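Asker: Let me begin by handing over the structure; questions about it come next.
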Amino acid sequence: MDSYLKSIKTIIIESLNDYVILKDSIFHKEGGGQPSDKGWIEKEEILKYDGTKFYLKNNIFKKNQEVTLSIDWDYRYELMKAHTAEHLLFGSLQKINSSFEIEKIQLSENESKIFVIGEINQKDLILAQIAANEKIKEDLKIKEEVVKKEDVTNTRIKIDKIKDEKVRIINIGNYDKAACSGTHLASTKEIEFIIIKDIKKESSKITQLIFLTGKKAINYAITSCAILTGLSNDLNENPQKLSQRIISINNENLLLKSTIRKLNNALLNSIKFEPVNGIIFYEFNGIESEKLIKKASQEAQNSNVVFINDNTIIIAGKNSENIFEELKKVFEIKGGGREIKIGKINNFDINKIKIALLRLKY
Ligand SMILES: [Zn+2]
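Numbering follows our numbering, in which position 353 of the sequence shown is assigned residue number 441; successive positions increment by one, without gaps.
Given below as structure tokens:
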């Protein structure tokens, strides 16, 4: 079937309730990772196509009526690009490492996915994308052939999954051969550009490659490069060394956090708290809440306590209920508790808390 046919005239051979059956079809039904086409019979939208029946939002058609079946071409063309790109990209990857296998594919008009069985490293990804884009430039012709199962050679195929005697093979020039039932372009040049935008570990054995084609791929490459350049300038590091630099910043950060925690804990144990008007008030940063709650409960034996730690407020002591209610009149505090009140306080000014507390006397 010509995958560039955008519409055909045909006859309704059955019309029942919400579906019709047509004499001929140019529709691709969902299968092999490619979603079903979208489109219309005359102006009526097709909701679903199962390979035989066209389900319609509004079935106004009668048996034997001549109608025009049209596909949503923009949508289909994106899928054809993605599908052809998938053959080219995976074919290139397999030339780098012949042990790679496809588990499944998932195509869409925006970004598409290949689930690959095997460990793929960064170098493999770069080489495969360079090779695939070279083949786009070479304008290789894509041809389909139908051959007997036993005559299939040098082809990517899951032979045990094919029930028919004959198999449809998609040839990309002499570069790649794969058994496939989907819709493809006539030439690689129409893909314009392929880029892998993300890789995700699906499981210990399977890696998900998320790729883009055409203008979307070009825009993504330009945008990503601009972001990388900005990041590289911000960190004053060349792009090749950025990843190592970020790892070392993260490690440094973890070390600093742990040092701050230790210092804070030492500070907590060394402070001699003095109440003002029967309330001990103190502001901390980055102390483990559990330690602070314990300290508040110790100090609350002799006085009321109000501790602020980042945006957490801890109130303890025999007047804690009253202090909590008074502060809630001025600040937005979410939380509560019985003997010790713990809450989140947002957008607060520490001086305003001090002033509010000074109004209270115990
Ligand atoms: Zn295909």
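Ideal placement from N, C-alpha and C gives every residue a C-beta, glycine not left out.
Given the structure is predicted, the values throughout are model-derived calculations rather than measurements.
Closest to residue 124 by CA distance: which of 103, 92, 220 and 163 is it?
Answerer: Here residue 124 refers to the residue found at position 36 when the sequence shown is read from its first residue. Of 103, 92, 220 and 163, the residue nearest in Cα terms is 163.
Asker: Considering Cα atoms alone, identify which of 367, 345, 231 and 391 is closest to residue 271.
Answerer: Here the question's residue 271 lines up with position 183 in the sequence shown. When only C-alpha atoms are compared, the closest one is 231.
Asker: According to DSSP, simplified to helix, strand and coil, what is residue 183?
Answerer: By 1-based counting over the sequence shown, the position of residue 183 is 95. Reduced to three states, the DSSP call for residue 183 is helix.
Asker: Report whether the distance from the Cβ of residue 282 to the nearest heavy atom of ligand 1 is below 7 Å.
Answerer: In the sequence shown, the residue the question calls residue 282 occupies position 194. Result no, Cβ not under 7 Å from ligand 1.
Asker: Using the rule of at least 16 other Cβ atoms within 10 Å of the residue's Cβ for burial, across every protein chain shown, is residue 313 buried or exposed?
Answerer: Along the sequence shown, read from residue 1 onward, the residue named residue 313 stands at position 225. It is exposed - the Cβ of residue 313 has fewer than 16 other Cβ atoms within 10 Å.
Asker: Whole-angstrom Cβ separation of residue 138 and residue 117, contact assumed at under 8 Å?
Answerer: Your numbering for residue 138 matches position 50 in the sequence shown. Your numbering for residue 117 matches position 29 in the sequence shown. Residue 138 to residue 117, Cβ: 7 Å. Contact.
Asker: If you follow the beta strand (DSSP E) that residue 412 is in, where does it begin and where does it stop?
Answerer: The residue you call residue 412 lines up with position 324 of the sequence shown. Looking at the DSSP string, residue 412 is not in any beta strand (DSSP E); the run it does join, the alpha helix (DSSP H), is 408-418.
Asker: Mind checking whether residue 408 and residue 392 have CB atoms under 8 Å apart?
Answerer: Locating residue 408 in the sequence shown gives position 320, where the first residue counts as 1. Locating residue 392 in the sequence shown gives position 304, where the first residue counts as 1. For residue 408 and residue 392, yes; Cβs fall inside 8 Å.
Asker: Apart from the five residues just before and just after residue 434, which ones in its own chain have a Cβ nearer than 7 Å to its Cβ?
Answerer: Taking the first residue of the sequence shown as position 1, residue 434 is located at position 346. So the list reads 399 and 420, once near-sequence residues are dropped.
Asker: Which one of 386, 343, 315 and 206 has the shortest CA to CA distance from residue 361?
Answerer: Counting from 1 along the sequence shown, the entry for residue 361 is found at position 273. For residue 361, the nearest C-alpha among the options comes from 386.
Asker: Quick one, are the C-beta atoms of residue 201 and residue 328 less than 8 Å apart?
Answerer: Within the sequence shown, the letter at position 113 stands for residue 201. Within the sequence shown, the letter at position 240 stands for residue 328. No, they are not a contact pair.
Asker: Flag this pair as touching only if the region 281-290 and the region 254-265 have three or more C-beta atom pairs under 8 Å; answer yes or no.
Answerer: Contact fails: fewer than three Cβ-Cβ distances are below 8 Å.
Asker: For residue 170, which residues in the same chain have their Cβ closer than 6 Å to its Cβ, ignoring the five residues on either side in sequence?
Answerer: Numbered from 1 along the sequence shown, position 82 holds the residue referred to as residue 170. These residues qualify, in order along the chain: 195, 200 and 301.
Asker: Report buried or exposed for residue 122, applying the criterion of at least 16 other Cβ atoms within 10 angstroms of its Cβ.
Answerer: Along the sequence shown, one-based indexing puts residue 122 at 34. The residue is buried, with at least 16 neighbouring Cβ atoms inside 10 Å.
Asker: Kindly confirm or deny that the region 342-352 and the region 363-382 touch, where touching means at least three C-beta pairs closer than 8 Å.
Answerer: Contact between the region 342-352 and the region 363-382 is present, because at least three Cβ pairs lie under 8 Å.
Asker: Work out the CA separation of residue 104 and residue 93 for me, nearest whole Å.
Answerer: To locate residue 93, count along the sequence shown from 1; it is residue 5. To locate residue 104, count along the sequence shown from 1; it is residue 16. So the two alpha carbons sit approximately 27 Å from each other.
Asker: Would you mind working out which of 89, 322 and 145 sits nearest residue 113, comparing C-alpha positions?
Answerer: Residue mapping note: residue 113 aligns to position 25 of the sequence shown, counting from 1. Among 89, 322 and 145, the Cα nearest to that of residue 113 belongs to 89.
Asker: Please state the DSSP three-state secondary structure of residue 154.
Answerer: Taking the first residue of the sequence shown as position 1, residue 154 is located at position 66. In this structure, residue 154 counts as strand in the three-state DSSP scheme.
Asker: Going by CA-CA distance only, name the one from 120, 252, 143 and 158 that's closest to residue 131.
Answerer: Here residue 131 refers to the residue found at position 43 of the sequence shown. Taking only the C-alpha atoms, the option nearest residue 131 is 158.
Asker: Once you ignore the five residues that flank residue 265 on each side, which residues in its own chain have a CB closer than 8 Å to its CB?
Answerer: On the sequence shown, residue 265 is found 177 positions in, with the first residue counted as 1. The answer, listed in chain order, is 242, 243, 244, 257, 258 and 259.
Asker: Is residue 119 a contact residue of ligand 1, with contact defined as CB to any heavy atom under 7 Å?
Answerer: For the purposes of this step, residue 119 is taken as the residue at position 31 of the sequence shown. No - ligand 1 has no heavy atom lying nearer than 7 Å to the Cβ of residue 119.
Asker: Around the C-beta of residue 108, are 16 or more other C-beta atoms found within 10 angstroms, so that it is buried, or is it exposed?
Answerer: Taking the first residue of the sequence shown as position 1, residue 108 is located at position 20. Flag for residue 108 reads buried.
Asker: Measuring from each Cβ to the nearest heavy atom of ligand 1, keep the ones under 5 Å and list them in chain order.
Answerer: Residues flagged by the Cβ proximity filter: 171, 268 and 270.
Asker: Note the first and the last residue of the continuous alpha helix (DSSP H) segment covering residue 258.
Answerer: The sequence position of residue 258 within the sequence shown is 170, counting from 1. No alpha helix (DSSP H) contains residue 258, which is instead part of the beta strand (DSSP E) from 254-260.
Asker: To the nearest angstrom, report how far apart residue 450 and residue 352 are at their CA atoms.
Answerer: Position 362 of the sequence shown, counted from the first residue, corresponds to residue 450. Position 264 of the sequence shown, counted from the first residue, corresponds to residue 352. Approximately 29 Å, taken between the alpha carbons.
Asker: What is the DSSP secondary structure of residue 352, reduced to helix, strand or coil?
Answerer: Position 264 of the sequence shown, counted from the first residue, corresponds to residue 352. Helix.
Asker: Check whether the region 205-213 and the region 182-197 touch, using three or more Cβ-Cβ pairs below 8 Å as the test.
Answerer: Touching, yes, given that three or more Cβ pairs across the two stretches are closer than 8 Å.
Asker: Grab me the residues of residue 145's own chain with a C-beta within less than 7 Å of its C-beta, minus the 5 sequence neighbours each way, in chain order.
Answerer: Taking the sequence shown and counting its residues from 1, the one referred to as residue 145 is at position 57. Taken in chain order, the residues that qualify are 132, 133 and 135.
Asker: Which of the three DSSP states is assigned to residue 244 in this structure?
Answerer: Translated into positions along the sequence shown, residue 244 becomes position 156. Strand at residue 244.
Asker: Any contact between the region 216-234 and the region 170-182? By contact I mean 3 or more CB pairs, one from each, below 8 Å.
Answerer: Touching, yes.
Asker: Rounded to the nearest angstrom, what separates residue 425 and residue 437 at their Cα positions?
Answerer: Start at 1 with the first residue of the sequence shown, and residue 425 comes out as number 337. Start at 1 with the first residue of the sequence shown, and residue 437 comes out as number 349. Going by the C-alpha atoms only, they are around 23 Å apart.
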